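Report on the following structure.
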Amino acid sequence: MVLLCGAGHILSSVILGFIGIALGLAVSNLESIESFRGHLAAWFLVIFGLFYFVWGIRRAFRGRAHEHFHLHQTGDGHFHSHNHIEEHLHIHSSESKSLTPWILFIIFVFGPCEPLIPLVMYPAAKGNMGQVVLVALIFGFVTIATMLIVVLTGFFGLSRLPFHKFEKFSHALAGFIILLCGIAVKFLGL
């Protein structure tokens, strides 16, 4: 999924750059479009992070065991202990797909690659489309490689730490981190 998000992130800016080249737009015009995309992506991160955080908290506490009284048609009754996570699992639950990766993909597509536009526009201004393609490919490769290195390092690094008792909060923590990233982008300009 990291490869797909990285490709969407790069390709959306490359396509915008090529549209700008074809229309003869100035870098400042494209940078204003990229800036707008950046504001949209930041708000998407904030909103998605907030919803994912709240959902993760609800999910973490929904798994607590509790009891209900069940009355049968015969008049007999009993208390039944259960939790709502196991109770709602269905035979087809392994077929269900998460929307989270696709929402993150959309956010990455809207997320601008501000440095790419001027890098692509400079060789385009000289009329050298071969260099435009080369710059876009190198920039894309380095960006996606960086994303993969960061994700794999984080994944393997965190998997070595003793967080097992906090696993039920993993979705809430992920949502909180996404929310913080959105706030940092939107309000701190990162």
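Offset between the sequence shown (1-based) and the numbering used here: plus 842.
Backbone N, C-alpha and C define an ideal beta-carbon position, used for all residues, glycine too.
Keep in mind that this is a model prediction, so the values were computed, not measured.
* Give the range of the alpha helix (DSSP H) segment to which residue 971 is assigned. => Looking at the DSSP string, the run of the alpha helix (DSSP H) that includes residue 971 is 971-1001.
* Sequence-distant residues of its chain with Cβ nearer than 6 angstroms to residue 953 (five each side left out) -> 851 and 883
* Asked: According to the neighbour-count rule (16 or more other Cβ atoms, all chains shown, within 10 Å of its Cβ), is residue 879 buried or exposed?
  -> buried
* Would DSSP call residue 1031 helix, strand or coil? -> coil
* **Start-to-end residues for the alpha helix (DSSP H) that takes in residue 847** => DSSP places residue 847 inside the alpha helix (DSSP H), whose first and last residues are 844-865.
* Enclosing alpha helix (DSSP H) for residue 950 [first to last residue] -> 942-952
* Which same chain residues, not among the five before or five after residue 982, have their C-beta less than 6 angstroms away from its C-beta? -> 852
* Counted within 10 angstroms of its Cβ, other Cβ atoms place residue 876 as buried (16 or more) or exposed -> The residue in question, residue 876, is buried, as its Cβ has 16 or more Cβ neighbours within 10 Å.
* Proximity to residue 1018 [Cα-Cα], best of 888, 847, 859 and 966 -> 888
* Under 8 angstroms, do residue 966 and residue 974 count as touching if we go by C-beta distance? -> yes
* **Euclidean distance between Cα positions of residue 946 and residue 897** => The alpha-carbon of residue 946 is positioned some 16 angstroms away from that of residue 897.
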